[in-house]
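Heads up: the structure comes next, in structure tokens.
Residue numbers (my numbering): 64 to 525.
This is the structure:
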């Protein structure tokens, strides 16, 4: 039993580390009906309200994707997204308090019912021999604005991935998949047919799965096999609901900005809501499909400093780890991934009881950054330089090349982790010649970079 407890304890630890809330809240009992989930809080229009709510009509807010659900085998005739988007839009319009939605999707049913009411009243009037005409129905409201558009795309598997590991029969894995929907919503004036405003909103849909298993012989002819896991799929209907609600909110704010409709609150309250909305719009303009913020985080020029650890690889074994530092200047070429840099610093190289020297160093490098507009970017560089010992008795030239990773948490500030090999043009730095290779040394460092100045624009074309 002790062995079983050990394996089960390990399995429980893996589940705990997975930090999956769904796993610990599995549905083992029937759940009663509940009110629908609220997925969006209308953050920009919470503090503003209309002078007069706008009467709007929605005939059809359709699924225009024409896509069916993906299945592993066979054919599915179930659509990829909900066909009830019109109903969702009407509810969003009503909840916003800015619009008075009127029935237009099934207006024929409404007209038929009104005709039945008229006929019934006329029959009752005749039956009672009433000389007065039957009481007329209240006129129908007409819409000053029509809302059109629809769900225009559903893209499956725009990004997929996962990770896993297995050791001696115990393993765990995780997988994820992301889909994406996009909707367009436009307001049309019924008096002129003019399109007053069009808004575009997209929403990703995430699916995740975690699997943990154990397969182990705990004893001769005794096999322990345990499996557990959970998958979580974001409902497409809630994703559509959230996108539509955000589109309605965007339409309201855009209409207020352009003077199409007015808010009753004071100007500073309205301006505050518009400013918050514009801030998100600016951030969206700098964000690519996979939520990558593509902005110019660095300037035209930069200064940097970095302490490092050096390791000499010469003709003797047992080299020491020594410390050094350097500082320098870089210039970025506009609209490219390249920069050129100059640096200078101090360097120590030593070997146990055989060789130890301090040097002044100078380098010039051409660097290429793979993702210059992301927060995290790998880079490579190469160049040439030289070292000079502190008593000025020995000067050597070299070439260097390296790679690293830069993290820019905020604009104009970066942190760099790098590893670099320096190849000398001599085999006598440690006063010994052995073999056919020249001496070289390694540098491992972590530095900080301050970027100066800006390019003409911060927006990056995708």
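Even for Gly, the Cβ is constructed at its ideal location relative to N, Cα and C.
Which first and last residues belong to the beta strand (DSSP E) in which residue 285 is found?
The residue labelled residue 285 in the question sits at position 222 within the chain shown. Start and end: 285-296.
Taking the alpha carbon of residue 214 as the reference point, which residue from 362, 299 and 390 has its own alpha carbon closest?
Numbered from 1 along the chain shown, position 151 holds the residue referred to as residue 214. It is 299.
Grab me the residues of residue 286's own chain with a C-beta within less than 6 Å of its C-beta, minus the 5 sequence neighbours each way, in chain order.
Looking up residue 286 in the chain shown gives position 223. These residues qualify, in order along the chain: 280.
If we count the other Cβ atoms within 10 Å of its Cβ and call it buried at 16 or more, is residue 512 buried or exposed?
Your numbering for residue 512 matches position 449 in the chain shown. Its Cβ being crowded by 16 or more others within 10 Å, residue 512 is buried.
Rounded to the nearest angstrom, what separates residue 200 and residue 168 at their Cα positions?
Here the question's residue 200 lines up with position 137 in the chain shown. Here the question's residue 168 lines up with position 105 in the chain shown. One C-alpha to the other measures close to 21 Å.
Comparing C-alpha positions only, which one of 356, 309 and 509 sits nearest to residue 264?
Taking the first residue of the chain shown as 1, we reach residue 264 at position 201. The residue with the shortest Cα to Cα distance from residue 264 is 309.
Suppose you measure from the CA of residue 509 to the CA of residue 227; what does that come to, to the nearest Å?
For the purposes of this step, residue 509 is taken as the residue at position 446 of the chain shown. For the purposes of this step, residue 227 is taken as the residue at position 164 of the chain shown. So the two alpha carbons sit approximately 30 Å from each other.
Cα separation between residue 292 and residue 304?
Within the chain shown, numbered from 1, the residue matching residue 292 stands at position 229. Within the chain shown, numbered from 1, the residue matching residue 304 stands at position 241. Those two C-alpha atoms are separated by around 29 Å.
With contact counted as at least three CB pairs below 8 Å, one residue from each stretch, are the segment 341-355 and the segment 475-495 in contact?
no
Go through its chain and collect everything with a Cβ distance to residue 163's Cβ below 6 Å, but skip five positions before and after it.
If you number the chain shown from 1, residue 163 lands on position 100. Result list for residue 163: 116 and 118, in chain order.
Would you give the residue range spanned by the alpha helix (DSSP H) that residue 420 belongs to?
For the purposes of this step, residue 420 is taken as residue 357 along the chain shown, with counting starting at 1. Unbroken run through residue 420 is the beta strand (DSSP E), 418-432; no alpha helix (DSSP H).
Is residue 180 helix, strand or coil by DSSP?
Position 117 of the chain shown, counted from the first residue, corresponds to residue 180. Per DSSP, reduced to three states, the secondary structure at residue 180 is helical.
Give the straight-line distance between the Cα atoms of residue 522 and residue 314, rounded to the nearest whole angstrom.
In the chain shown, residue 522 corresponds to position 459, counting from 1. In the chain shown, residue 314 corresponds to position 251, counting from 1. Because the pLDDT at residue 522 is just 48, under 50, the model does not fix this residue reliably, and the value given afterwards should be weighed accordingly. Straight-line Cα distance between these residues: approximately 24 Å.
How many angstroms separate the CA atom of residue 412 from the CA atom of residue 376?
Taking the chain shown and counting its residues from 1, the one referred to as residue 412 is at position 349. Taking the chain shown and counting its residues from 1, the one referred to as residue 376 is at position 313. Roughly 9 Å between the two C-alpha positions.
For residue 56, which three-state DSSP category applies?
It is not possible to answer for residue 56, since the shown part of the chain is limited to 64 through 525.
Which first and last residues belong to the beta strand (DSSP E) in which residue 271 is found?
Here residue 271 corresponds to residue number 208 of the chain shown, with the count starting at 1. Its beta strand (DSSP E) spans residues 258-282.
Helix, strand or coil for residue 494 per DSSP?
Numbered from its first residue, the chain shown carries residue 494 at position 431. Coil, per DSSP.
At what residues does the beta strand (DSSP E) containing residue 483 begin and finish?
Here the question's residue 483 lines up with position 420 in the chain shown. 476-487 is the extent of the beta strand (DSSP E) around residue 483.
Excluding five sequence neighbours on each side, which residues of the same chain lie with their C-beta closer than 6 Å to the C-beta of residue 64?
Taking the chain shown and counting its residues from 1, one reaches residue 64 at position 1. For residue 64, the predicted model reports a pLDDT of 47, less than 50, meaning its position is unreliable; a value from the coordinates is still stated below. Cβ within range, chain order: n/a, list empty.
May I ask you to list the residues that DSSP assigns as paired with residue 368?
Translated into the one-based positions of the chain shown, residue 368 becomes position 305. Answer by DSSP bridge pairing, in chain order: 390 and 511.
Return the CA-CA distance between residue 529 and residue 120, expressed in angstroms with no decimal places.
This structure does not reach residue 529, given that the chain is present from 64 up to 525, and the question cannot be answered.
Given a cut-off of 9 Å, decide if residue 506 and residue 340 are closer than it, judged by their beta-carbon atoms.
Position 277 of the chain shown holds residue 340. Position 443 of the chain shown holds residue 506. Not in contact: residue 340 and residue 506 (Cβ atoms no closer than 9 Å).
Taking 8 Å as the threshold, find out whether the segment 322-331 comes into contact with the segment 355-375 through three or more Cβ pairs.
Taking a contact to require three or more Cβ pairs closer than 8 Å, the segment 322-331 and the segment 355-375 do not qualify as touching.
For residue 354, is the beta carbon positioned less than 8 Å from some heavy atom of the ligand ADP?
Ligands in the displayed structure: none, and consequently the ligand ADP is not present.
Taking the beta strand (DSSP E) that residue 229 belongs to, which residues open and close that run?
Position 166 of the chain shown holds residue 229. DSSP places residue 229 inside the beta strand (DSSP E), whose first and last residues are 208-230.
Suppose you measure from the CA of residue 81 to the CA of residue 171; what does that come to, to the nearest Å?
Stepping through the chain shown from its first residue, residue 81 is reached at position 18. Stepping through the chain shown from its first residue, residue 171 is reached at position 108. Confidence is the limiting factor: at residue 81 the pLDDT is only 47, short of 50, which leaves the residue's position unreliable, though a coordinate-based value still follows. Computed Cα separation, rounded: 54 Å.
Can you look up residue 172 in the DSSP assignment and give me helix, strand or coil?
Locating residue 172 in the chain shown gives position 109, where the first residue counts as 1. Residue state, collapsed to three classes: helix.
Could you tell me the alpha carbon to alpha carbon distance between residue 334 and residue 270, rounded to whole angstroms?
Taking the chain shown and counting its residues from 1, one reaches residue 334 at position 271. Taking the chain shown and counting its residues from 1, one reaches residue 270 at position 207. If you draw a straight line from the Cα of residue 334 to the Cα of residue 270, it comes to about 38 Å.
May I ask you to report which of helix, strand or coil DSSP gives residue 466?
Looking up residue 466 in the chain shown gives position 403. Here residue 466 sits in strand by DSSP.
Taking the C-alpha atoms as reference points, what is the distance between residue 166 and residue 251?
The residue given as residue 166 occupies position 103 in the chain shown. The residue given as residue 251 occupies position 188 in the chain shown. Near 17 Å, if we compare the C-alpha coordinates of residue 251 and residue 166.
Give me the Cβ distance between residue 316 and residue 336, rounded to the nearest whole Å; I'm assuming they're in contact under 8 Å.
As a position in the chain shown, residue 316 is number 253, starting the count at 1. As a position in the chain shown, residue 336 is number 273, starting the count at 1. About 7 Å separates the CB atoms of residue 316 and residue 336; that is less than 8 Å, so the two are in contact.
What residue from 369, 388, 438 and 392 has the CA that sits closest to residue 358's CA?
Position 295 of the chain shown holds residue 358. It is 438 whose Cα lies nearest to the Cα of residue 358.
Straight-line CA distance for residue 408 to residue 352?
What you label residue 408 is simply residue 345 of the chain shown in a count that begins at 1. What you label residue 352 is simply residue 289 of the chain shown in a count that begins at 1. Approximately 42 Å, taken between the alpha carbons.
Hey, how far is the Cα of residue 106 from the Cα of residue 261?
Mapped onto the chain shown, residue 106 falls at position 43. Mapped onto the chain shown, residue 261 falls at position 198. The straight-line gap from Cα to Cα measures roughly 20 Å.
Where residue 130 and residue 142 are concerned, what is the direct C-alpha to C-alpha distance, given to the nearest angstrom?
One-based indexing of the chain shown puts residue 130 at position 67. One-based indexing of the chain shown puts residue 142 at position 79. So the alpha carbons of these two residues sit roughly 6 Å apart.
Using only the alpha-carbon positions, how far apart do residue 324 and residue 150 sit?
The residue given as residue 324 occupies position 261 in the chain shown. The residue given as residue 150 occupies position 87 in the chain shown. Each residue's alpha carbon lies about 24 Å from the other.
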